[in-house]
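Residue numbers (this note's numbering), protein chains in the order written: chain A, 1 to 250; chain B, 1001 to 1250.
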């Protein structure tokens, strides 16, 4: 069933008012009519099955049929800190990471990031990523939309490590040394509800100074398998194996 | 170190001759000179560190320094059978699947595939995917280049299930029922060197007839986590968790 995330104002006790792009999508793209049902979610994670009662061009009314109880969220809160990659790779990372259960994303200007975000364009870039996260959450039946946080430097990121229970850095030098067990040791130390920060470097990887700074600040370097992954693939591997360890095996 | 897969003819006892696009890449793109080192691999999985002895425009000679012994290949042979998806998604699937360790790919025309491959264009499409697989293998330091197999139908695919030790179908109805444990039960039954077929549906999923046919032919339906993944994300999840179960935990 089609799913839409709506601002809190849209929800009344037993009715929902859908406006803007979501109303257009329901009316014009999906060509739905009164009596059709969709799922509407607050950004806080409450989801309701609703039945459309009136479909106008820019405003749709619906009545709540039932609150949904299924919860497909990861049992841990995973933030992906991604070194700014080239081109539109960050969009891919946010889309796929949202499907795979990430709770938030932090774009990070790293020593080897070739791309720089101009101050004036940062808001626009964030809005674009927020839209991608919202659409991916709707498609993958999430209960929440991941947050896109402010652009940070590696130093600022390291200073915020204390906000997390675990900080795992995907470091290919660890992969080359064959130290595969570090990842399973790291993940088996995770408890449900823990906050995890996954740190992924840009195309050129981390500088030695960044690794030193992050390790000093408490990060654990892990190999994400023995093959060298492109920057946009590393978070997909990380989120998939966190799901496997905590949702499937756990 | 830069890595190139070369035809068997390129290798002599202790020397290598690099021609064509690879020679252009080394000479013009990487601007390498005599004395620089690269890695050259046969398509059978033998890799050598070589030192360039002569760099001409279209032909490069190199001498073998040593045979490489590290093996970053998955301990199982995973074939991804992918229902034909829209747009250039199959290219993404081959690129990411190669990074994540797949051994081969089978494009499959499924009941709900919107895209059809015209007979006349099949060779060209396969060549394009082979090029993507080669480049991704080079970048991710694989020892082999995954095979791109002939286009098949779901029926033909089912008839070939006996070639595999395990056939796992990513089926979202299993996910909706909350039967998460099926995937770990499936993966813990896998032994090293086994042949695994991962079957992934197109955007619209499998038809009930396809599921029935595959299950009758011996396939196991598994949920790939509790979230609904896009078609191009499912094989990434599957390959990542196979790596985790067999390379990291195993």
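Here a beta-carbon is modelled for each residue, glycine too, at the ideal position from N, C-alpha and C.
| Item | Value |
| --- | --- |
| If we cut at 8 Å on Cβ distances, does residue 68 of chain A have a partner in chain B? | no |
| What separation, rounded to the nearest whole angstrom, lies between the Cα atoms of residue 1043 of chain B and residue 1162 of chain B? | 26 Å |
| For my contact list, residue 199 of chain A and residue 241 of chain A are in at a C-beta cut-off of 8 Å; report their separation, rounded to the angstrom. | Between residue 241 of chain A and residue 199 of chain A the Cβ distance is about 15 Å, and since that is not below 8 Å, they are no contact. |
| What are the residues in the segment 1216-1238 of chain B lying within 8 Å of chain A by C-beta distance? | 1225, 1226, 1227, 1228, 1229, 1230, 1233, 1236, 1237 |
| Residue 243 of chain A CB to nearest chain E CB: under 8 Å? | In summary, chain E is missing from the structure at hand, where the protein chains are A and B. |
| Run the CB neighbour count on residue 30 of chain A, radius 10 Å, all protein chains shown included, and call it buried at 16 or more, exposed below. | exposed |
| By the 7 Å beta-carbon criterion, what residues does the segment 1086-1097 of chain B contribute toward chain A? | 1096 |
| Verify the CB distance criterion: does residue 141 of chain A have a CB-CB separation below 8 Å to chain B? | yes |
| Check the Cβ of residue 1101 of chain B against every Cβ in chain A and list those closer than 7 Å, keeping chain order. | 227 |
| What are the start and end residues of each continuous beta strand (DSSP E) run of 3 or more residues lying completely inside the segment 1018-1052 of chain B, in chain order? | 1037-1041 |
| Identify the contact partners of residue 51 of chain A in chain B, using a Cβ-Cβ distance below 9 Å as the criterion. | Chain B residues near residue 51 of chain A: none, gap ~21 Å exceeds 9 Å. |
| Could I get the ranges of all uninterrupted alpha helix (DSSP H) runs contained in the segment 122-177 of chain A, with 4 residues as the minimum, in chain order? | 122-139, 154-159, 172-176 |
| What residue range does the alpha helix (DSSP H) around residue 1199 of chain B cover? | From DSSP, residue 1199 of chain B is part of no alpha helix (DSSP H) but of the beta strand (DSSP E) over 1195-1200. |
| Which residues in chain A have a C-beta closer than 9 Å to the C-beta of residue 1132 of chain B? List them in chain order. | Those within 9 Å of residue 1132 of chain B in chain A number zero; the least Cβ separation is about 12 Å. |
| With a threshold of 8 Å between beta carbons, is residue 1193 of chain B in contact with chain A? | no |
| Could you tell me whether the Cβ atoms of residue 1091 of chain B and residue 1136 of chain B are closer together than 8 Å? | no |
| With 16 as the cutoff for other CB atoms within 10 Å, does residue 22 of chain A come out buried or exposed? | buried |
| Counting only Cβ pairs nearer than 8 Å, list the residues of chain B close to residue 104 of chain A. | Result: empty, since nearest Cβ-Cβ is about 16 Å, beyond 8 Å. |
| Between the C-alpha atoms of residue 50 of chain A and residue 229 of chain A, what's the straight-line distance to the nearest angstrom? | 42 Å |
| Just grab the DSSP bridge partners of residue 5 of chain A for me. | A:41 |
| If we ignore side chains and look at the alpha-carbon of each, how far apart do residue 1097 of chain B and residue 216 of chain A end up? | 34 Å |
| Determine which residues share a DSSP beta bridge with residue 1063 of chain B and list them. | B:1015, B:1051 |
| Starting from the N-terminal side, write out each stretch of the beta strand (DSSP E) that is 3 residues or longer and does not extend beyond the segment 178-235 of chain A. | 195-200, 220-222 |
| Who are the Cβ neighbours of residue 1077 of chain B in its own chain at under 6 Å, not counting the five residues just before and after it? | 1103, 1195 |
| Flag residue 1247 of chain B as yes if its beta-carbon sits less than 8 Å from any beta-carbon of chain A, otherwise no. | yes |
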